[in-house]
Every structure is written in structure tokens, then in C-alpha cells.
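Just so we're on the same page, our numbering is the position in the sequence shown counted from 1, plus 294.
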Amino acid sequence: MIERRLRQVFSEAGCEGSVAALDVDSENRVMFGDAEPMVAASTFKIVVALELFCQGAEGMLDPTERVLLSPARATPGGQGFCIFEDVAEVSLRDAARMMLTISDNTATDLLIRRVSLSRVHDRLGRLGLDRIRLAGTIQQEFDAIGRDTGHAGWADMARAMSESASPADADRIWERALTSPSLRPGRITSATAGQMAALLQLIWLDRAGPAAACRAVRTLLGQQRLTRKIATGFGGEVRVAAKSGTLPGCASNDVGVVEYPDGSRFAVAVFTRPGRPARPGRRTLPPDSVLGAAARLAVEHLHRRRPSP
């Protein structure tokens with residue numbers, strides 16, 4: 295029954311989706327397409343933050359270490375350090391705050407280089423989460439997409455779009471980008487809803503790494519204010535700590551933990567992508583409320599199954 299209702303939510307929105315919802319404190323779960331690899335978009339930044347704070351707790355680095363961020367090495371993203379005109383100095387942990395609260399891509403790439411992809415994947419492997427795979431820095435991924443469109447890289451593609459003779463010409467370049475082989479799960483950073491929800495459950499139970507590291511990640515996720523996707527499905531009395539991810543025309547995702555006033559808490563991941571268009575044209579993503587509706591269906595199903603206090 296719940297699977298049919300979830301399928302209907304996505305079908306009516308004209309998109310494809312996957313959902314995983316786990317009762318943090320029991321083995322109860324709702325899974326729908328949860329093993330399907332999907333483009334992770336910015337939801338993967340939780341993994342980078344976890345590795346940073348784990349390395350800090352394990353004495354491999356100091357989270358208060360200060361680093362310089364130069365506009366010359368900024369990663370495109372629309373907000374945060376990429377719009378700075380001057381060199382900025384920031385601690386590693388505050389770079390993580392920028393990464394999780396406003397999805398800063400420049401901060402993310404800085405931290406990926408600092409903690410290393412190999413250590414990220416080693417930790418994920420030890421946690422049994424080998425379907426969460428980072429393909430590289432965000433800049434590397436962007437440049438691969440740009441090259442697939444016949445340009446030297448992302449900046450060259452963006453320049454060609456901005457200098458196009460008409461909006462239609464720019465749209466055609468972006469359409470080529472959306473069909474890029476580098477946007478396929480496995481070529482770009484990807485994950486499954488099931489493993490992202492499992493990661494959140496481990497973080498909330500202090501089992502993803504040292505307790506101090508898990509606590510730091512939970513704190514930053516609770517400060518995320520950039521978008522509200524999962525949260526649109528719940529009232530103000532329900533707390534949601536989450537990280538969203540959006541790639542226009544390709545993916546709209548949200549992963550987080552929903553906590554009710556009675557103390558029950560649920561890790562939930564909702565990944566969506568555009569349905570196959572009936573005819574060529576710009577692919578559209580579902581509104582945020584669709585992700586909220588799917589999350590609420592799954593979480594409420596679990597909440598009703600909890601024993602009365």
C-alpha cells in the first residue's frame with residue numbers, strides 16, 4: 295500500500311523517485327527504489343563533513359586550522375565564497391559550516407582536498423556504505439560535463455551560454471550538458487536513498503564515527519537554511535535537520551532526520567529526477583512539496599507503527 299502511494303506521488307509530479315525512511319531507534323523502515331543509484335547532488339556533502347570531524351576527533355587534523363580561500367580557485371555555485379572578490383581566511387570547521395548550511399561548493403572542494411577521497415571511501419566502506427561514491431571535486435565534475443558539450447571545461451561552457459545569440463541557443467547547450475555521460479550515476483558523485491538514510495541513522499546513533507564527530511555533523515545539519523524540501527511535508531512542531539541537493543534539470547534531493555515532539559525520530563532520504571519527456575525540451579524537476587509529500591507518507595507510516603508510550 296505505502297509503495298503504491300509513493301509511486302503515485304512521483305507519477306503525478308511527472309518525475310522518478312526513490313525513498314528510504316528508517317526509524318532511528320528500531321529496525322522499522324519504508325523502502326521504495328532505495329537501491330537505485332541516483333545523482334547525489336549536494337547531499338554528499340554530509341559525507342565530507344563527517345570525514346572532516348572524524349579526522350579531527352582522531353587527531354589527524356585540527357578543525358580550527360585556518361586556511362585561505364582565493365577567488366582564483368573558487369568553484370562555481372551561486373553563493374558563498376565563489377562570489378567573494380578578496381582572499382578569505384576561515385577555519386576548516388567553519389568551511390564545513392558553509393558547506394552544509396548554504397551548500398558552498400568552494401568550501402566543499404577545499405575540504406575534499408584536505409581530507410582526501412581515499413579516506414572518505416575507506417570510512418564509508420567500513421560502515422558498509424559502498425554505494426555512496428564521490429567521483430572527485432565538484433570542479434572536476436563540472437569540467438567533465440563542460441568537456442562533454444564540446445567545450446574546454448565548465449567555465450568555457452558557461453561563457454558560451456552567456457554569449458549565446460538567443461536564450462534558445464543557451465538552452466541547447468544546457469540540454470547537451472544534461473545528456474552528458476559525466477552526469478550518469480557512477481560517473482558523477484552518486485548514492486542510493488537507502489544508504490544515505492542509513493548513514494544518517496548511524497550519525498544520529500553516534501555510530502558513524504567518534505561521538506564528537508557525529509555530534510558536530512548533527513549540529514551543522516540543524517543549521518541548514520538554504521532550502522526546505524523534506525520539511526515542507528511536516529508542521530512546525532516537527533524538527534527537521536537536513537541537507538538538500540539540486541542540479542537543475544537533473545536531480546532534486548533531500549536527506550535528513552525528522553524528529554517528532556514525542557521524541558521519535560526518522561532518517562529519510564528522497565531522491566528525484568525528471569521523468570522521461572514525451573518530446574525534446576528542457577527537463578523540469580518536481581516542486582519541493584513533492585519531496586515533502588513523499589517523506590511524510592513514509593515517515594507517518596513508520597510513526598503510526600511505533601508503540602504508544
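The beta carbon of each residue, even a glycine, is placed where N, CA and C say it ideally should be.
Could you give the DSSP three-state label for residue i: helix, strand or coil?
| i | result |
| --- | --- |
| Gly374 | helix |
| Val532 | coil |
| Ser474 | coil |
| Ile582 | What sits at residue 582 in the sequence shown is Asp, not Ile. Asp582 falls in the helix class under three-state DSSP. |
| Glu359 | coil |
| Arg573 | Reliability of the predicted coordinates at Arg573 is poor, the pLDDT of 47 falling under 50, and the value obtained from them is presented with this limitation in mind. In this structure, Arg573 counts as coil in the three-state DSSP scheme. |
| Pro479 | strand |
| Pro365 | helix |
| Pro601 | coil |
| Leu605 | Nothing can be reported for residue 605, as the shown portion of the chain is limited to 295 through 603. |
| Ala506 | helix |
| Gln517 | coil |
| Gly527 | helix |
| Glu352 | coil |
| Arg522 | coil |
| Gly440 | helix |
| Ala446 | coil |
| Phe458 | With the sequence shown as reference, residue 458 is identified as Ser, and Phe is not the correct amino acid for it. Three-state result, Ser458: coil. |
| Met295 | coil |
| Val593 | helix |
Which residues does DSSP pair with residue i in a beta bridge?
| i | result |
| --- | --- |
| Asp317 | Phe560 |
| Met325 | Ala314 |
| Cys309 | Pro568 |
| Ala485 | Met332 |
| Ala545 | Leu541 |
| Arg427 | Ser484 |
| Val551 | Ala535 and Ala561 |
If contacts are defined as beta-carbon pairs under 8 Å, then residue i and residue j qualify, I think. What distance do you get, rounded to the angstrom?
| i | j | result |
| --- | --- | --- |
| Ala351 | Gly539 | Actually they do not touch by this definition, with Cβ atoms about 26 Å apart. |
| Leu404 | Val361 | 7 Å |
| Ile439 | Ala454 | Not a contact, Cβ separation roughly 13 Å. |
| Leu591 | Ile396 | Not a contact, Cβ separation roughly 29 Å. |
| Ala429 | Thr483 | 5 Å |
| Trp448 | Asp437 | 5 Å |
| Phe338 | Ile426 | 7 Å |
| Gly569 | Glu310 | 6 Å |
| Leu514 | Arg599 | That belief does not hold up - the Cβ atoms of Leu514 and Arg599 are roughly 30 Å apart, past 8 Å. |
| Arg567 | Ala587 | Wrong, their Cβ atoms sit about 17 Å apart, outside the cutoff. |
Subject >> Three-pair Cβ contact test at 8 Å for the segment 376-384 versus the segment 342-357 >> reply: no
**OP:** Starting from the N-terminal side, write out each stretch of the beta strand (DSSP E) that is 3 residues or longer and does not extend beyond the segment 376-420.
**Re:** 382-385
Subject >> Stretch-stretch touch, CB-based, cutoff 8 Å, three pairs: the segment 520-529 with the segment 579-598 >> reply: yes
Subject >> Touch test, the segment 323-337 against the segment 472-491, Cβ-Cβ under 8 Å, three pairs minimum >> reply: yes
Original post:
Can at least three beta-carbon pairs, one atom from the segment 487-506 and one from the segment 299-316, be found at a separation below 8 Å?
Top reply: yes
Original post:
Would you call the segment 492-507 and the segment 549-568 touching, i.e. three or more CB-CB distances under 8 Å?
Top reply: yes
Subject >> the segment 353-373 in contact with the segment 384-402 per 3-pair CB rule at 8 Å >> reply: yes
**OP:** Tell me, please, whether the segment 300-307 touches the segment 538-553 by the rule of three or more beta-carbon pairs shorter than 8 Å.
**Re:** no
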